[in-house]
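Just so we're aligned, residue 80 is where the sequence shown starts under the working numbering, counting upward by one.
One structure below.
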Amino acid sequence: MVYGAKIIAQALQDLGVQVIFGLPGLPVIDIAQESMNLGINFISFRNEQAAVLAASSYGYLTGKPGVCICVGGPGVLNTFPGIPHAAANCWPLLLLGGSSETHNANKGAFQEMDALPIFSPHAKLALRPPYPEMVPSFVRDAYRAAMFGRPGPAFVDLPANIIMGHFDVERHKLSPLLEAPKAVAPPEKIRSAIEALKTAKAPLVVVGKGAAYGRAEKQIQALIERTGLPFLPTPMGKGVVPDASPHNISAARSTAMKTADVVLLLGARLNWILTFGLPPKWKSGVKIIQVDISADELGKNGHDPSLSIVGDLALVVEQLVNEIGNWRWQGQSSEYYRTLQAAKSKNEEKAAKKASAGKIPMAYEKAFGVIQETLNSLSTPNNGDIVYVSEGAKAMDISRSIFTMEHPRIRLDAGTYATMGVGPAYAIAAYAAYNYPHAEGSAGTRGRKKIVAIEGDSAFGFSAMEVETMGRYRMDVLIFVINNSGLYRGDADSKEKWQQLQDMTVAGSPARPKGLSATSLGYETDYQKIAEVAGGIGLVARTPEELKEATIKGFQAKVPVVVNVIVDTQTDLEMDFSWLDMAPPTDKKKKEQKL
Ligand code: ADP
């Protein structure tokens with residue numbers, strides 16, 4: 080007789096799973112325990128939401144589905160955000176949820192809830208094995224669905240009577256799934272793509288996180304170096320081609336988008352992150368050559384799909400490089416290139432000015448400048464020894480352009496779904512992906528990496544308790560909480576003023592200027608203290624000198640460190656978000672006509 084939990088654990092072992100993220104409770108505790116008995120790491124979180132977000136990013140970093148285990152009912156509902164999150168990001172995730180006994184269905188069983196109809200519309204596959212014999216093949220099918228084709232989430236519901244029962248079943252070892260099948264492009268598609276690039280007046284290459292996931296860095300670097308084409312990475316496409324490349328025109332992002340006439344889109348979608356590839360942010364009639372593993376994606380938003388290519392990025396870009404031969408873009412003296420360079424210099428100058436401002440509390444730019452400079456003095460960026468996690472509105476947006484990435488898969492942020500609360504979860508996942516004994520590490524880098532999280536104070540609040548998880552597993556993550564006492568902006572620039580607003584709010588007064596606004600957070604909340612209760616180190620930094628010292632201490636520590644970085648509350652800041660074009664279509668048309 081074999082224990083049900085063991086059958087499940089063996090299936091995961093057969094598939095090569097090395098880490099499971101989860102929050103154990105009845106009936107899934109024994110799946111965790113049996114998996115650990117088989118040598119699989121189990122990382123136990125404080126909330127299922129953080130566990131599933133960690134598993135999804137582990138899938139992105141390793142190229143294999145991240146596995147998450149949770150209990151049914153409230154537990155599985157807490158993981159729910161992770162399913163559309165993984166789908167939106169195209170990250171492979173296998174979620175295993177325990178559920179109440181099938182024979183107690185509809186009787187008011189413990190945590191009873193039928194998760195299949197809830198998860199099915201958002202997952203690539205959602206299954207419940209009716210018999211214990213079927214568990215291994217269902218787990219394998221779900222794992223395969225998560226990983227093959229366009230990656231995404233899959234779910235297996237495991238009833239308690241299967242997990243906790245003993246069964247007379249024979250063990251059949253599952254065949255492993257080492258690599259997803261990959262397709263190349265027909266030669267004529269490669270030729271027409273090259274022809275379009277060669278005849279473009281203003282060509283642009285856009286590199287997305289699909290290129291990082293597809294491990295296409297070698298091929299894309301060869302393409303950029305050989306042709307000299309200007310390129311632009313998306314937020315998580317950063318590092319596929321090193322940011323230091325002379326062909327990187329990130330600092331002229333808007334200008335490049337507005338002027339390019341032919342765009343080679345590698346592992347990125349024309350969604351909100353790339354403002355849909357449409358005017359007014361993009362040139363009207365821009366030709367898109369999109370390379371993607373998913374045919375469904377091509378031709379979206381009214382674009383002509385005829386030049387686009389279905390296939391694996393690494394293989395297709397290699398085909399493009401072979402076909403292009405020694406051709407080199409000669410547009411360096413063109414009006415297009417001059418415009419890009421001018422915009423780049425202007426924007427870099429603007430950023431440098433903000434970063435050099437000497438006032439206290441520090442501007443975001445100043446704080447990030449100090450952190451980056453100090454980290455670079457402790458670790459050479461070319462080695463890719465630091466993984467950056469970043470979330471929050473201002474903290475994520477501003478840090479993205481300041482922190483340069485010279486390697487792929489070392490930057491994680493809120494992603495396509497703009498999910499908040501990902502930071503501590505991603506940091507734990509990155510730690511496991513890069514620092515556990517089985518970790519592959521990233522090409523050209525040493526095995527061990529320091530994980531650094533840049534957290535907005537609001538974003539940090541979503542899953543701050545996961546610092547205890549880091550402490551428990553002795554993960555030496557370095558967290559900076561960028562504290563401006565509010566979402567987007569704070570309400571007051573002194574404790575006294577903030578308290579006056581608080582008094583009015585408590586007394587039942589309406590919002591600012593009388594009381595606190597909806598976006599206010601506690602004034603200079605002591606976020607560093609959470610590290611202290613978790614066996615870590617908490618530090619506060621108000622000045623560049625304090626921040627430098629805290630960064631050095633945090634980098635060298637062997638326990639989690641939370642640095643509470645007090646920055647300018649920016650009370651008068653306009654609430655805009657440059658990535659979004661919120662104007663309704665009619666206003667947009669007017670705006671377009673004006674341009
Ligand atoms: P970004 O957020 O960086 O703009 P997206 O998540 O929008 O990137 O796009 C990533 C794209 O990469 C998805 O459309 C996905 O189908 C695609 N993709 C993932 N892996 C591969 C691969 N190996 N080959 C080709 N395309 C891939």
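Cβ atoms here follow ideal geometry from the backbone N, Cα and C, with glycine treated the same way.
This structure is a prediction, so every number in the text was calculated from the model and none was measured.
Query: Any heavy atom of the ligand ADP within a distance shorter than 7 angstroms of the CB on Tyr292?; Result: yes
Query: Can you check whether the CB of Leu557 is closer than 8 angstroms to the CB of Gly633?; Result: yes
Query: Going by DSSP, which residues form a beta bridge with Pro171?; Result: Its beta-bridge partners do not exist; DSSP assigns none.
Query: Does the ligand ADP have even one heavy atom less than 7 angstroms from the beta-carbon of Ala347?; Result: yes
Query: Any chance you could list the alpha helix (DSSP H) runs of at least 4 consecutive residues sitting entirely within the segment 145 to 218, in chain order?; Result: 153 to 158, 161 to 168 and 195 to 198
Query: If you measure from the CB of Cys149, is any heavy atom of the ligand ADP nearer than 7 angstroms?; Result: no
Query: Indicate, with yes or no, if the ligand ADP has a heavy atom lying under 7 angstroms from the CB of Thr313.; Result: yes
Query: Could you tell me whether any non-hydrogen atom of the ligand ADP is closer than 7 angstroms to the CB of Val370?; Result: yes
Query: Helix, strand or coil: which one does DSSP assign to Ser480?; Result: helix
Query: Where does Leu652 sit, in a helix, a strand or coil, going by DSSP?; Result: coil
Query: Pick helix, strand or coil for Glu376, following the three-state DSSP scheme.; Result: helix
Query: Would you say the beta carbon of Asp391 is closer than 7 angstroms to some non-hydrogen atom of the ligand ADP?; Result: yes
Query: Would you please verify whether the beta carbon of Ala442 is less than 8 angstroms from any beta carbon of chain C?; Result: Given the protein chain composition of this structure (a single chain), no chain C is represented.
Query: Which residue's Cα is closest to the Cα of Asn643: Tyr567, Thr650, Ala532 and Glu547?; Result: Ala532
Query: At which residues does the beta strand (DSSP E) containing Ala532 begin and terminate?; Result: Lys529 to Gly535
Query: For the alpha helix (DSSP H) that contains Met97, what are its first and last residues?; Result: Looking at the sequence shown, residue 97 is not Met but Gln. No alpha helix (DSSP H) holds Gln97; DSSP gives it neither H nor E.
Query: Can you check which of these residues, Leu283, Ser456 and Ile273, is closest to Ile388 by C-alpha distance?; Result: Ile273
Query: Verify whether the separation of the beta carbon atoms of Glu180 and Ala90 is less than 8 angstroms.; Result: no
Query: May I ask which residues mark the beginning and end of the beta strand (DSSP E) holding Met617?; Result: Per the sequence presented here, residue 617 reads as Gly, with Met not at that position. Here the beta strand (DSSP E) through Gly617 covers Ile616 to Ala620.
Query: Going by CA-CA distance only, name the one from Tyr510, Val98 and Glu428 that's closest to Val468.; Result: Tyr510
Query: Using the DSSP secondary-structure output, state which residues sit across from Met441 in a beta bridge.; Result: Val646
Query: By the 10 Å Cβ neighbour count, where 16 or more other Cβ atoms means buried, how is Leu257 classified, buried or exposed?; Result: exposed
Query: Closest to Pro153 by CA distance: which of Leu105, Leu399 and Tyr139 is it?; Result: Leu105
Query: Pick out the complete beta strand (DSSP E) segments inside the segment 311 to 373, 3 residues or longer, and give them in chain order.; Result: 341 to 345 and 366 to 371
Query: Report all residues from its chain with a CB closer than 6 angstroms to the CB of Ile197; omit the five preceding and five following residues, and keep chain order.; Result: none
Query: Give, in chain order, every unbroken run of the beta strand (DSSP E) that is at least 3 residues long and sits entirely within the segment 217 to 276.; Result: 232 to 238
Query: Is any heavy atom of the ligand ADP found at a distance shorter than 7 angstroms from the C-beta of Glu376?; Result: yes
Query: CB of Ser373 to nearest heavy atom of the ligand ADP: below 7 angstroms?; Result: yes
Query: Would you check if the segment 444 to 451 and the segment 420 to 436 touch, i.e. whether three or more CB-CB distances between them fall below 8 angstroms?; Result: yes
Query: With H, G and I counted as helix, E and B as strand and the rest as coil, what does DSSP make of Ile299?; Result: helix
Query: Checking the sheet assignment: what are the DSSP bridge partners for Leu283?; Result: Val342
Query: In the DSSP assignment, find the alpha helix (DSSP H) that holds Asp109 and state where it starts and stops.; Result: Ile108 to Asn116
Query: Could you have a look at Ser564 and say whether DSSP puts it in helix, strand or coil?; Result: coil
Query: Report whether the distance from the Cβ of Lys529 to the nearest heavy atom of the ligand ADP is below 7 angstroms.; Result: no
Query: For the beta strand (DSSP E) containing Ile122, list its first residue and its last residue.; Result: Asn120 to Ser123
Query: Using 7 angstroms as the cut-off, classify the Cβ of Asn350 as near or not near the heavy atoms of the ligand PLP, replying yes or no.; Result: Looking for the ligand PLP in the displayed structure turns up nothing; the ligands present are the ligand ADP.
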